[in-house]
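Numbering (UniProt numbering), first residue to last: 1 to 387.
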């Protein structure tokens with residue numbers, strides 16, 4: 001099957017795109033701490049790109065569905081991401097860095113939702129194979145967190161912006177290597193109505209609310225895990241390897257995801273992901289000083305990101321018609337950004353006053369709420385599973 005799609009071209013884009021996430025998620029807060037900002041200011045600066053994720057994907061998603069020029073949007077967004085981020089070399093004041101974070105994120109978050117539509121169009125409905133392409137994004141993340149972890153253990157964090165810019169140029173190059181594809185129209189397209197009608201179908205709004213809650217629960221993890229582990233005495237090189245371990249587990253999950261989606265319903269996969277997320281945050285908040293517990297908690301990334309994301313992409317693709325695919329994926333990115341921004345903000349303010357334990361406990365409660373909502377509001381699809 002993979003011979004019929006541009007597997008390596010699609011995979012290379014995911015590789016570089018998630019290299020960038022691997023450079024920001026573990027190290028962006030560490031870099032701002034290196035520049036001397038407080039926990040509250042770090043939370044705000046980390047939240048700004050996530051806030052852009054609340055706005056930008058919907059705008060670019062509407063434009064992509066309206067124009068059909070999704071690949072042009074991907075390429076334009078990739079170039080503008082690098083140009084805007086290059087402004088970080090001009091100053092390190094809070095206001096200027098806030099502007100740089102907002103500018104580059106506005107274009108960065110335009111890219112992935114449109115590319116997801118292109119990938120699914122190349123797969124021609126065989127969405128169970130999506131995870132085998134997407135796993136190269138996880139491999140890119142692993143390479144970056146391990147490589148930068150080693151680099152920053154021996155060298156200054158002053159090299160951080162240059163490393164990120166090099167990755168962004170890799171995204172630009174990969175975007176020009178990918179061929180275009182359009183999602184095919186479905187026979188029931190006219191009866192399905194517009195985007196709003198499809199959004200109001202049973203369970204769809206509940207799903208998007210749970211996306212927001214899941215990413216809110218990740219707030220302390222993406223904003224303060226590296227600083228948390230440093231405070232517990234872990235070396236930066238080991239911290240990078242611990243981040244990578246979680247994504248290795250995610251890669252292995254992606255490899256078996258086609259079989260899981262055939263055996264279990266989307267509701268079951270999503271609910272399990274939320275419950276395991278709740279457990280993971282409790283472990284990181286209370287027992288991260290014990291290395292075996294920390295290793296187990298990082299392995300749970302297979303659920304908190306891997307199974308959740310693969311099932312979520314499958315749900316969005318199933319829930320919207322071809323002409324609304326871009327908006328459906330964009331709303332997924334926007335609600336994830338909303339949750340991520342709220343998570344970064346609350347953790348930034350609670351980290352110093354309540355401490356890591358309570359901050360991660362709040363995250364666990366958000367994941368539990370999502371598990372309850374998805375189990376009670378998302379109906380089983382009798383045609384969803386296959387023997």
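Glycine included, each C-beta is placed from N, C-alpha and C at the ideal position. Given the structure is predicted, the values throughout are model-derived calculations rather than measurements.
Using only alpha-carbon positions, find the residue among the options that is nearest to residue i.
i: residue 123; options: 317, 169 and 21; result: 317
i: residue 54; options: 201, 162, 26 and 108; result: 108
i: residue 6; options: 86, 49, 178 and 36; result: 178
i: residue 199; options: 352, 240 and 315; result: 315
i: residue 11; options: 84, 227, 130 and 305; result: 130
i: residue 114; options: 84, 282, 332 and 210; result: 332
i: residue 279; options: 301, 19 and 4; result: 301
i: residue 121; options: 375, 326 and 173; result: 326
i: residue 40; options: 358, 348, 354 and 375; result: 348
i: residue 102; options: 92, 59, 91 and 84; result: 84
i: residue 319; options: 208, 290 and 234; result: 208
i: residue 357; options: 328, 146, 283 and 329; result: 283
i: residue 76; options: 142, 197, 232 and 106; result: 106
i: residue 253; options: 328, 104, 14 and 308; result: 308
i: residue 46; options: 176, 97, 14 and 70; result: 97
i: residue 196; options: 291, 328 and 286; result: 328
i: residue 313; options: 249, 261, 350 and 180; result: 261
i: residue 228; options: 183, 8, 355 and 89; result: 355
i: residue 194; options: 8, 321 and 9; result: 321
i: residue 212; options: 183, 340, 285 and 293; result: 340
Could you give the C-beta distance for residue i and residue j, rounded to a whole number, given that I count them as a contact under 8 Å?
i: residue 323; j: residue 33; result: Actually they do not touch by this definition, with Cβ atoms about 45 Å apart.
i: residue 29; j: residue 152; result: No, residue 29 and residue 152 are not in contact; Cβ-Cβ is about 13 Å, not under 8 Å.
i: residue 210; j: residue 373; result: 5 Å
i: residue 342; j: residue 288; result: Residue 342 to residue 288, Cβ: 23 Å. No contact.
i: residue 330; j: residue 43; result: Incorrect: roughly 25 Å between the Cβ atoms, too far for contact.
In this structure, does DSSP put residue i in helix, strand or coil?
i: residue 43; result: helix
i: residue 234; result: coil
i: residue 124; result: coil
i: residue 183; result: coil
i: residue 400; result: One cannot answer for residue 400 here, as it falls past the ends of the chain, which runs 1 to 387.
i: residue 69; result: coil
i: residue 385; result: Below a pLDDT of 50, predicted positions are generally treated as unreliable, and residue 385, at 45, falls in that range; no measurement from the model is reported.
i: residue 26; result: coil
i: residue 92; result: coil
i: residue 265; result: coil
i: residue 178; result: coil
i: residue 290; result: coil
i: residue 347; result: helix
i: residue 319; result: helix
i: residue 58; result: helix
i: residue 372; result: helix
i: residue 295; result: helix
i: residue 37; result: coil
i: residue 273; result: helix
i: residue 218; result: coil
Identify, in the order they occur along the chain, each residue of the same chain with its Cβ nearer than 7 Å to the Cβ of residue i, setting aside the five sequence neighbours on each side.
i: residue 202; result: 379
i: residue 276; result: 300, 303 and 304
i: residue 146; result: 240, 241 and 244
i: residue 104; result: 81, 84 and 85
i: residue 351; result: 39, 224 and 359
i: residue 70; result: 64, 114, 117, 118 and 326
Residue j and residue i - do their beta-carbons sit closer together than 8 Å?
i: residue 377; j: residue 244; result: no
i: residue 257; j: residue 370; result: no
i: residue 297; j: residue 272; result: no
i: residue 155; j: residue 23; result: no
i: residue 117; j: residue 17; result: no
i: residue 138; j: residue 251; result: yes
i: residue 74; j: residue 142; result: no
i: residue 59; j: residue 337; result: no
i: residue 175; j: residue 13; result: yes
i: residue 79; j: residue 172; result: yes
i: residue 235; j: residue 57; result: no
i: residue 255; j: residue 135; result: yes
i: residue 150; j: residue 68; result: no
i: residue 267; j: residue 375; result: yes
Excluding sequence positions up to five away, which residues of its chain have a Cβ less than 6 Å from the Cβ of residue i?
i: residue 226; result: 26, 30 and 239
i: residue 87; result: 100
i: residue 19; result: 140, 144 and 167
i: residue 269; result: 307 and 311
i: residue 157; result: 31 and 34
i: residue 274; result: 367, 370 and 371
i: residue 386; result: Low per-residue confidence applies at residue 386: pLDDT is 40, beneath 50, and the placement is therefore not dependable, though the value from the model is reported in the following sentence. Closer than 6 Å at the Cβ level, and outside the excluded window around residue 386, lie 262.
i: residue 181; result: 118, 121 and 122
Using a Cβ-Cβ cutoff of less than 8 Å, which residues in the same chain neighbour residue i once the five nearest sequence positions on both sides are dropped?
i: residue 281; result: 217, 220, 221, 360, 361, 363, 364 and 367
i: residue 383; result: In this predicted model, residue 383 has a pLDDT of only 43, less than 50, meaning its place in the structure is not dependable enough to derive any value.
i: residue 36; result: none
i: residue 94; result: 37, 41 and 45
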